[in-house]
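Q: One structure, as structure tokens, below. Some questions next.
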Amino acid sequence: MLFELERVSLRRGGKPVLTDLSVRLPDGLNAIVGPSGSGKSTLLRLLDRLSDPDSGTVRYRGTDARELDPLRLRREVALVPQLPALLDGTVAGNLRFAAEIGGREPDVAHLLEVGGLDASFATRDVARLSVGEQQRVMIARALASEPRVLLLDEPTSALDERARDSIEATILDLHHRIGASIVVVTHDIAQASRLADWVAKIERGRLVGQGTIAEVLA
Ligand SMILES: Nc1ncnc2c1ncn2[C@@H]1O[C@H](COP(=O)(O)OP(=O)(O)OP(=O)(O)O)[C@@H](O)[C@H]1O
Ligand SMILES: [Mg+2]
Numbered sequence: 738m739l740f741e742l743e744r745v746s747l748r749r750g751g752k753p754v755l756t757d758l759s760v761r762l763p764d765g766l767n768a769i770v771g772p773s774g775s776g777k778s779t780l781l782r783l784l785d786r787l788s789d790p791d792s793g794t795v796r797y798r799g800t801d802a803r804e805l806d807p808l809r810l811r812r813e814v815a816l817v818p819q820l821p822a823l824l825d826g827t828v829a830g831n832l833r834f835a836a837e838i839g840g841r842e843p844d845v846a847h848l849l850e851v852g853g854l855d856a857s858f859a860t861r862d863v864a865r866l867s868v869g870e871q872q873r874v875m876i877a878r879a880l881a882s883e884p885r886v887l888l889l890d891e892p893t894s895a896l897d898e899r900a901r902d903s904i905e906a907t908i909l910d911l912h913h914r915i916g917a918s919i920v921v922v923t924h925d926i927a928q929a930s931r932l933a934d935w936v937a938k939i940e941r942g943r944l945v946g947q948g949t950i951a952e953v954l955a
């Protein structure tokens, strides 16, 4: 099992955000779906140890996440947050920085291409990109460290249909070509069914269903 949450609860500002949540995410293509405010981003962040639950256990490949060094974990499991958060400077600078963390020499041109950006973006100042372009740089940057697992939080929310299709194709290609496992958070059931084999559905911080897309929609 890629990730396993067992009876996870978490409160924020005195209010329950995740409640007694037990979720299994197998190796492969996974989606977490649910309405706005249901706790999807909060759940995703637990998988990269950006926070820990108040109670319950998160396991990554069978090991309690609290026993894992967060920085080592994040080299293997890359999270692309919902809102773009790039470093000041150029697109290429951002890609190089991420690759160096992973101890790698980045192929900037290739990373731009998989992110669906043309070569002229390399020298662009990230402060002067549209949100959709920043979102694509975020994905390209996450790939620079060659993660085994990619956690994507609403990766196409700021994109038009064409750009969305290109990102979805990139995600599927990553899985099929290099065997990366994916966990994508989306409020869009149609997107979940295009991208994922396994779906966990949450509402108000509680699990309301998990299984194959067909099982969860039934
Ligand atoms: N630091 C915080 N303090 C107080 N409440 C918080 C905090 N972080 C999250 N919440 C609350 O937890 C709930 C779940 O938030 P979360 O961001 O996980 O939802 P989401 O499912 O990702 O929503 P969206 O689809 O809008 O991104 C929301 O009601 C939010 O207001
Ligand atoms: Mg969210």
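Going letter by letter, the sequence shown gives residues 738 to 955 in this note's numbering. Glycine included, every Cβ here is placed at the ideal spot set by N, Cα and C. Since this is a predicted model, take the numbers as computed values, not measurements.
(1) Quick check: the Cα distance between LEU739 and GLY771, rounded to an integer number of angstroms?
(2) What distance in whole Å lies between the Cβ atoms of GLU813 and ARG873, which are believed to be in contact at a cut-off of 8 Å?
(3) So what does ARG749 bridge to, in DSSP terms?
(4) Which of helix, strand or coil does DSSP assign to ALA955?
(5) Cα-Cα, which of ARG931, TYR797, LEU810, SER792 is closest to ILE908?
(6) Just reading off the beta strand (DSSP E) that LEU796 is part of, what are its end residues?
(7) So for VAL949, helix, strand or coil by DSSP?
(8) So ALA877 and VAL760 are supposed to be a Cβ contact under 8 Å. How far apart are they, rounded?
(9) With a CB to CB cut of under 6 Å and the five nearest residues on each side skipped, what residues in its chain are close to TRP935?
(10) Specify whether the segment 849-864 and the segment 822-836 touch according to this definition: at least 3 beta carbon pairs, one from each stretch, less than 8 Å apart.
(11) With C-beta atoms as the reference, is SER773 less than 8 Å away from ARG782?
(12) Over the uninterrupted alpha helix (DSSP H) stretch that includes ALA900, give me the two end residues.
(13) Just to be sure I understand the criterion: a residue counts if its Cβ is closer than 7 Å to at least one heavy atom of ligand 2. Which residues meet that?
(14) Do THR779 and GLU743 come within 8 Å of each other at the CB atom, strictly closer than that value?
(15) What runs of the alpha helix (DSSP H), each 4 residues or longer, lie entirely inside the segment 807-876?
(16) Straight-line CA distance for VAL863 to MET875?
(17) For SER773, which three-state DSSP category applies?
(18) What residue range is occupied by the uninterrupted alpha helix (DSSP H) comprising ALA929?
(19) Give the single residue among ASP806, GLY869, ILE939 whose Cα lies nearest to the Cα of PRO821.
(20) Quick check on ARG803: buried or exposed, where buried means 16 or more other Cβ atoms within 10 Å of its Cβ?
A: In short:
(1) Each residue's Cα considered, the two are about 21 Å apart.
(2) Contact between ARG873 and GLU813 is absent: CB atoms are separated by about 23 Å, not below the 8 Å threshold.
(3) Its beta-bridge partners are LYS752.
(4) Reduced to three states, the DSSP call for ALA955 is coil.
(5) Minimum Cα distance to ILE908 is reached at ARG931.
(6) Checking the sequence shown, residue 796 turns out to be Arg, not Leu. Counting along the chain, ARG796 sits inside the beta strand (DSSP E) bounded by residues 792-797.
(7) The sequence shown places Thr at residue 949, rather than the Val named in the question. In the structure shown, the three-state DSSP call for THR949 is strand.
(8) Taking C-beta atoms under 8 Å as the contact rule, ALA877 and VAL760 fail to qualify, at a distance of about 28 Å.
(9) So the list reads PRO763, ASN767, once near-sequence residues are dropped.
(10) Here the segment 849-864 makes contact with the segment 822-836; the two share three or more CB pairs at distances below 8 Å.
(11) SER773 places its beta carbon 8 Å or farther from that of ARG782.
(12) Looking at the DSSP string, the run of the alpha helix (DSSP H) that includes ALA900 is 898-915.
(13) Working through the chain, the matches are LYS777, SER778, GLN819, ASP890, GLU891, VAL922.
(14) Remark: C-beta atoms of GLU743 and THR779 do not approach each other more closely than 8 Å.
(15) Qualifying alpha helix (DSSP H) stretches, in chain order: 807-813, 828-838, 845-851.
(16) When rounded, the separation of the alpha-carbon atoms in VAL863 and MET875 is 10 Å.
(17) In the three-state DSSP reduction, SER773 falls in the coil class, being neither helix nor strand.
(18) From DSSP, the alpha helix (DSSP H) with ALA929 extends over 926-932.
(19) By alpha-carbon distance to PRO821, the top candidate from ASP806, GLY869, ILE939 is GLY869.
(20) So ARG803 counts as exposed.
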